[in-house]
Structures are given as structure tokens and as C-alpha cells.
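I have placed the structure first, in the form of C-alpha cells, so that the comments after it can refer back to it.
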Amino acid sequence: MKLSTSLKRLIYWELGIPLALLSIGIYHGLMQVIYRAGVLRDSSFAKLDYYQGLTLHGVINAVVLTTFFAVAFGHAIMTFYLKKEPNKKVAWISFWMMTIGTVMAAWAMLSGKASVLYTFYPPLKGHPFFYLGSALLIVGSWLPLFDWARMYMRWKKENPTTKTPLAVLGNLANFIIWFVCTLAVAYEVLVLLLPWAMGWTPDINVTLARTLFWFFGHALVYFWLLPAYIMFYNFLPKLAGGKLYSDMAGRIALFLFLLFSVPVGVHHQFSDPSITKGIKFFQSFLTFGVAIPSFITAFTLAASLEYAGRRNGAKGLFGFFKKLPYFDQSRYLFAYFICGLIIFIFGGLTGMVNASAELNNTIHNTAWLPGHFHMTVAGPVFLAIVGMSLYIYSKAAGKRVFMPKVAVIIPYLWMIGILIFSTGLSWGGLIGEPRRTNLGLTYLNPEHELFTPEWVPTTMLGLAGGIIMFVAGMLFLVVFFGTVFRKKTEPAELEFPVSESLHNEKRVPLFDSFKPWLAAMAVILVIAYVPALKDAVTNPGPKAPRFAPESPVPISSTTNVTNYGTEASETK
Ligand code: HAS
Numbered sequence: 001m002k003l004s005t006s007l008k009r010l011i012y013w014e015l016g017i018p019l020a021l022l023s024i025g026i027y028h029g030l031m032q033v034i035y036r037a038g039v040l041r042d043s044s045f046a047k048l049d050y051y052q053g054l055t056l057h058g059v060i061n062a063v064v065l066t067t068f069f070a071v072a073f074g075h076a077i078m079t080f081y082l083k084k085e086p087n088k089k090v091a092w093i094s095f096w097m098m099t100i101g102t103v104m105a106a107w108a109m110l111s112g113k114a115s116v117l118y119t120f121y122p123p124l125k126g127h128p129f130f131y132l133g134s135a136l137l138i139v140g141s142w143l144p145l146f147d148w149a150r151m152y153m154r155w156k157k158e159n160p161t162t163k164t165p166l167a168v169l170g171n172l173a174n175f176i177i178w179f180v181c182t183l184a185v186a187y188e189v190l191v192l193l194l195p196w197a198m199g200w201t202p203d204i205n206v207t208l209a210r211t212l213f214w215f216f217g218h219a220l221v222y223f224w225l226l227p228a229y230i231m232f233y234n235f236l237p238k239l240a241g242g243k244l245y246s247d248m249a250g251r252i253a254l255f256l257f258l259l260f261s262v263p264v265g266v267h268h269q270f271s272d273p274s275i276t277k278g279i280k281f282f283q284s285f286l287t288f289g290v291a292i293p294s295f296i297t298a299f300t301l302a303a304s305l306e307y308a309g310r311r312n313g314a315k316g317l318f319g320f321f322k323k324l325p326y327f328d329q330s331r332y333l334f335a336y337f338i339c340g341l342i343i344f345i346f347g348g349l350t351g352m353v354n355a356s357a358e359l360n361n362t363i364h365n366t367a368w369l370p371g372h373f374h375m376t377v378a379g380p381v382f383l384a385i386v387g388m389s390l391y392i393y394s395k396a397a398g399k400r401v402f403m404p405k406v407a408v409i410i411p412y413l414w415m416i417g418i419l420i421f422s423t424g425l426s427w428g429g430l431i432g433e434p435r436r437t438n439l440g441l442t443y444l445n446p447e448h449e450l451f452t453p454e455w456v457p458t459t460m461l462g463l464a465g466g467i468i469m470f471v472a473g474m475l476f477l478v479v480f481f482g483t484v485f486r487k488k489t490e491p492a493e494l495e496f497p498v499s500e501s502l503h504n505e506k507r508v509p510l511f512d513s514f515k516p517w518l519a520a521m522a523v524i525l526v527i528a529y530v531p532a533l534k535d536a537v538t539n540p541g542p543k544a545p546r547f548a549p550e551s552p553v554p555i556s557s558t559t560n561v562t563n564y565g566t567e568a569s570e571t572k
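Numbering-wise, our numbering puts 317 at position 317 of the sequence shown, and it's gapless, one number per residue.
Below, the structure written as C-alpha cells:
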């Protein structure tokens, strides 16, 4: 379908800006493995400090890229399936809020005033622009949801007996999750962190800030994942040459995410002493619940791929694996999706280990964690985002993909890199290698008394995998921007490879309406989070002291660090 010039431009910018920033994000990924392997034994390189680089890496790759993409993809999905364009004024206001927010946060990070990592836990304190910028990015990304909800309700009125397209359902579910979870982080940023960073409040309740962050933080990972799931359910079967095994399975999975995505954040706080055991047990249990929609997805997609393989002429039990279009340049998206899925098998398994409160004691805050999340967010999510950005751009602009042979090889290269990298990190984590640590300064420096030779092979694997990922990432940027600078040679249309359903079940109202699921979501959230927030408020432990925006030293220099909670309040 043809897009208006305004919407086309909007989508191009929303895809192009984060991909341009990705060059900085990927560079700092490479620097991480170099520092950690002890190749570099310094606290900074090219005037950028280790933690500054790690903050840029996390914020650009995991927050800016994913948020901009989700909004652009949401616009494309709603327009394509409902055959109407969103309100351009709202869409552009949202774009400008997100862009200004990103510029503010980028300035704070690049000038070294916000090296607080993407989790910005207090007492690490960033420049107020970092918090304001993040809030603007988030609020800007809310706006389209209200407009899409209006479009959807109008469509429903006009088509009361038609099933809501699965992709539309997924997109709305995703942004509802996003809206609900970001309310907590907006409160954390605007009410707790910003006044504290400005020096207006003397101290901050660290446990409350962490609990609010993780209310947002785990749902955030599903906000990353669901656009990829929308693509897997709706486009992968067609690309493979088959059909989606069951449309209903997709609906159930997407609605289950509404229930279980948010009330599991405490599984990031299993080691936080302020939160009591019962709450941790309950959220551990819910975390196993949030894996169910992914298991449903795994089986549904495997069945869809089997159907496609058999249609392509496969014989025998597993013959279908050999009949899939792994290197077909005209269906390059298949390569991006299948590599993401293969990586996600390991990302999911490591997630199940994290979810168990007991096993979590072994791996919490070790290198195992980045091992896990690179096989999730840097696996299916990253590959789906970059593959789909290239696809949407080349179709909507009517330009052929630059270096198509390379475009189809990139995801395999990335997959090999991630699997080597994550093996190193997971192995290292199991033998105690810490995450978020400049190992080159001490543990991986043979001249230092803390040198730990057991971590040499693990960090070397990390380095090897990281270099391969860096090469794949750079090649992708060449392919994407090479395509941008090509001449238009094809009809310019928004188009998706839409899959038919093999079992197109009848419309069941429960699975075609958000209301019952939203009500259930609210109930589970109250049960899971009221006691956790109560613990955080009534049993917070020492509070973090007051900082001035321009200095990392507490305002009261006489404050005794071990007692700063009470003394900071007294010296006010
Ligand atoms: Fe996680 C920490 C538990 C999924 C991201 N996670 C993180 C952090 C990040 C992250 C970024 O319970 C670190 C945060 C920080 O900075 O501290 N995670 C889980 C569980 C799941 C899970 C149970 N995580 C994700 C996803 C992420 C993500 C998705 C990003 C997109 N995670 C945790 C826990 C922690 C945690 C704890 C805290 C640990 C701590 O101590 O701090 C589940 O949702 C996973 C379910 C997935 C599956 C896999 C299904 C497989 C599929 C592929 C099928 C393949 C096919 C192809 C069909 C059950 C769908 C076959 C074809 C061939 C050709 C072979």
C-alpha cells in the first residue's frame, strides 16, 4: 500500500536515527570485550571512561533503538492492517519528544555527567538532563498508543464480527504493557531521582527506586520482544513457504504477556534484603508463568516451520530443517528471524535458571547475566529490529537492498558471534566472573595481585565473539545506509509477507477483547506489587545522600559514609 509522504518521512527518521546511533552503541560493545579481556588495562580510552561507554552501550542499544523501532513498526503495522494512517500531528509530536529526549540524555552521557548505566540505580547519580531526557523519550513513545486505540475502536465499530488482526492485537498489547510499566519509572524519575539529582531533596530511598525501576524493567524486556513475536507469528511462516500453524495460539500467547510481563520485576531483586521471602517466591512462580507464552510460541513456530519444510518437499521426521530458505536473498528476512530464534533457545533456557530464586544466588551480578540477555535482546530482538528496518525502508522507499549477498549472511555471522560471546560469559559467570567490571584493571591484569587466570579463557571467548559481532554489526550499517543512498528503482509501497493460518479458528470473544485481560492484569499486579512496594517503603535500609548536579560527592562532606542515611537527613 502507498504511504503519504509525511508518514513515510516519519518512519524513515524513526528507523534511521537509532540505526545511526547504533554505530556508537556497537563501538562501545567492542570496547567492553577489549577492557574485560585485559587487552586494555586502563580506566578510559579515547577520553571515554569505561562506565561512560557501558552506559552509552546499554542506553543506545537497549533503550533508544528498541523504543524508536517499536513506535515506527507500530505505525507501519496499524497502517498496513487497518488501512488507515495514524494522526500525523500526534505522530510527529511523539517523534520530536523522543528525539529531544534522546539528544538531552546523549549530551549528559557523552559529556561524562551520567555514567549511571541503563538501570540508573541510586546512589549513582546522573545529570538532571539524563533523567529529563529519558522521561521525554518515554512519554513521547506513549502518545501513539492513544491514537492507535482510537483507530482500533473505529475499525472495531466498522468490523464488529471480524477477528482483530493478530499483528494489531500484538502491537496494542505491547504498548499497553509499555504504558503500564513506564508509569512506575516515570514516577521514579520525576518524583525520586530528579529532585534528588537537583539537590532539592536530601536523600533517596534506594530500595523503593530499585523496586519501581524493576516494575518497569522486566516488562521492558517484553516490550523489546513483542515486535519480534509479531513478526515471527505473522511473517515467518510465509517467508518459510508455509502457513502459521495456529492463529489462536498466537492470540493466547500475546494475551498471556499482558498478564505476566509486569508482575515479575522482583526476580531482579532476589538479593535485595528489604523485600521479604514470600514476595520473592510468588514472583519467582509468576516468572515461570511468563515463560509459558514463549513455550507456546516455540511449539507453534516449530510446527509452522515443519509444515513449510514439508510443503517444500521435505521427507522424514526432521527433513524439514533442510528445506528452509536459509540463504535465499529474495527472502533475507527469514535468515534474520531463524538466527534470532536459534539464539533464543539458549536465551530462554538461561532465563529459566535466573528465574529460580535458589539458582539465582549463583549467577546474580555475574557475567552469566550479560550472557543471558545478549541471547535475548541482542538475539531475536536485535536481529528482528535490524532485518525489519532494512525491509520496511527498502520497500517503502522503492530501493533495492545494497549488497544483498552480504545482507543474508550478516545474521549468521551475528549468531556465531553471539553464541561464542555468550558461552564465554555464561561459563565465566558460573566461576564467579563479575558483570559490569573493568576486569583489565585488576582481575585480567597479570601484573596485579588480584589477577585471576581462570577468567582468561572465558574473557578470550567473549573477546572473539565480540569481534565477530562488531564486524556483523558494521556490515549491517553499510548495507542499511548503502540502501538509503541508492536510487529508487522499484514501486515504493509498504508491504509485509503476510502468512495465512493453517488452522484459522473461529472468533472467540474472550480472545478478541482486551477488557477481561486488562482486568486480570490489574488484579495480578495489585497482588504482586502492593506488598513489594510496602516493604520498600517501610523497610528501605540506609538512604542515599544528597548530591549536587555537578559533583559526584555528597553535598555534606562531613557525612559518614556508613551512616549516611540518617546523618544526611540530620545535616539538612
Ligand atoms: Fe531475562 C535478567 C528471567 C526472557 C532480558 N533478562 C535479564 C536482563 C535482561 C533480560 C536485559 O528471573 C538483565 C537486567 C539487568 O541489567 O540486570 N528472562 C527471564 C525469563 C525469561 C526471560 C524466565 N530476558 C528475557 C527476554 C529478554 C530478557 C525475552 C530481552 C528481550 N531475566 C530473568 C531473570 C533475570 C533476568 C530472573 C534477573 C537475574 C538477576 O539475578 O539479575 C523468559 O521469558 C524466557 C522464555 C523463553 C523461552 C524460549 C522459547 C524459545 C523460542 C525459540 C524457538 C525456536 C525455534 C526455531 C522454533 C522459553 C521461542 C527452531 C529452528 C531451528 C532451525 C533449530
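Don't be surprised by glycine CBs; every beta carbon is placed ideally from N, CA and C.
Continuous alpha helix (DSSP H) stretch holding residue i: start and end
| i | result |
| --- | --- |
| residue 501 | Segment 501–503 is the beta strand (DSSP E) holding residue 501; no alpha helix (DSSP H) there. |
| residue 210 | 206–234 |
| residue 354 | 332–355 |
| residue 81 | 65–82 |
| residue 516 | 515–538 |
| residue 87 | Here residue 87 belongs to no alpha helix (DSSP H), and DSSP marks it neither H nor E. |
| residue 153 | 128–158 |
| residue 284 | 277–311 |
| residue 403 | No alpha helix (DSSP H) holds residue 403; DSSP gives it neither H nor E. |
| residue 486 | Here residue 486 belongs to no alpha helix (DSSP H), and DSSP marks it neither H nor E. |
Spatial neighbours of residue i in its chain, beta-carbon cut-off 6 Å, leaving aside the 5 residues before and after
| i | result |
| --- | --- |
| residue 306 | 320 |
| residue 109 | 55 and 56 |
| residue 562 | Caution applies to residue 562, whose pLDDT of 35 falls short of 50 and renders its modelled position unreliable; the value that the coordinates give is listed next. Excluding positions up to five away in sequence, the list is empty. |
| residue 171 | 74 and 77 |
| residue 363 | 429 |
| residue 178 | 223 |
| residue 367 | 425, 428, 429, 433 and 435 |
Buried versus exposed, by CB contacts within 10 Å (16 or more), residue i
| i | result |
| --- | --- |
| residue 121 | exposed |
| residue 14 | buried |
| residue 544 | buried |
| residue 559 | For residue 559, the predicted model reports a pLDDT of 43, less than 50, meaning its position is unreliable; a value from the coordinates is still stated below. Residue 559 should be labelled buried. |
| residue 537 | exposed |
| residue 564 | Confidence in residue 564 is poor, its pLDDT being 31 and thus under 50, which makes the residue's placement too unreliable to answer from. |
| residue 392 | buried |
| residue 350 | buried |
| residue 42 | exposed |
| residue 97 | buried |
beta-carbon residue i near the ligand HAS non-hydrogen atom, thresh 8 Å
| i | result |
| --- | --- |
| residue 267 | yes |
| residue 321 | yes |
| residue 276 | no |
| residue 437 | no |
| residue 287 | yes |
| residue 271 | yes |
| residue 573 | Nothing about residue 573 can be read from this structure; the chain reaches only from 1 to 572. |
| residue 176 | no |
| residue 393 | no |
| residue 224 | yes |
| residue 377 | yes |
| residue 64 | no |
| residue 3 | no |
| residue 336 | no |
| residue 231 | no |
| residue 118 | yes |
9 Å Cβ cutoff, residue i in contact with chain B
| i | result |
| --- | --- |
| residue 479 | No chain B appears in this structure, which consists of one protein chain only. |
Enclosing beta strand (DSSP E) for residue i [first to last residue]
| i | result |
| --- | --- |
| residue 244 | 244–246 |
Nearest-angstrom Cβ-Cβ length linking residue i and residue j, presumed shorter than 8 Å
| i | j | result |
| --- | --- | --- |
| residue 76 | residue 118 | Actually they do not touch by this definition, with Cβ atoms about 26 Å apart. |
| residue 36 | residue 439 | 5 Å |
| residue 383 | residue 339 | 6 Å |
| residue 60 | residue 22 | 7 Å |
| residue 380 | residue 341 | 6 Å |
| residue 343 | residue 415 | 6 Å |
| residue 274 | residue 541 | 6 Å |
| residue 186 | residue 138 | 6 Å |
Other residues of its chain near residue i: CB distance less than 8 Å, five sequence neighbours each side excluded
| i | result |
| --- | --- |
| residue 355 | 267, 284, 287, 288 and 291 |
| residue 352 | 288 and 291 |
Sequence-distant residues of the same chain with beta carbon closer than 7 Å to residue i, five excluded per side
| i | result |
| --- | --- |
| residue 528 | 263, 282, 283 and 286 |
| residue 214 | 265, 266, 268 and 269 |
| residue 470 | 26, 29 and 30 |
| residue 72 | 11, 14 and 15 |
| residue 115 | 49, 51, 52 and 55 |
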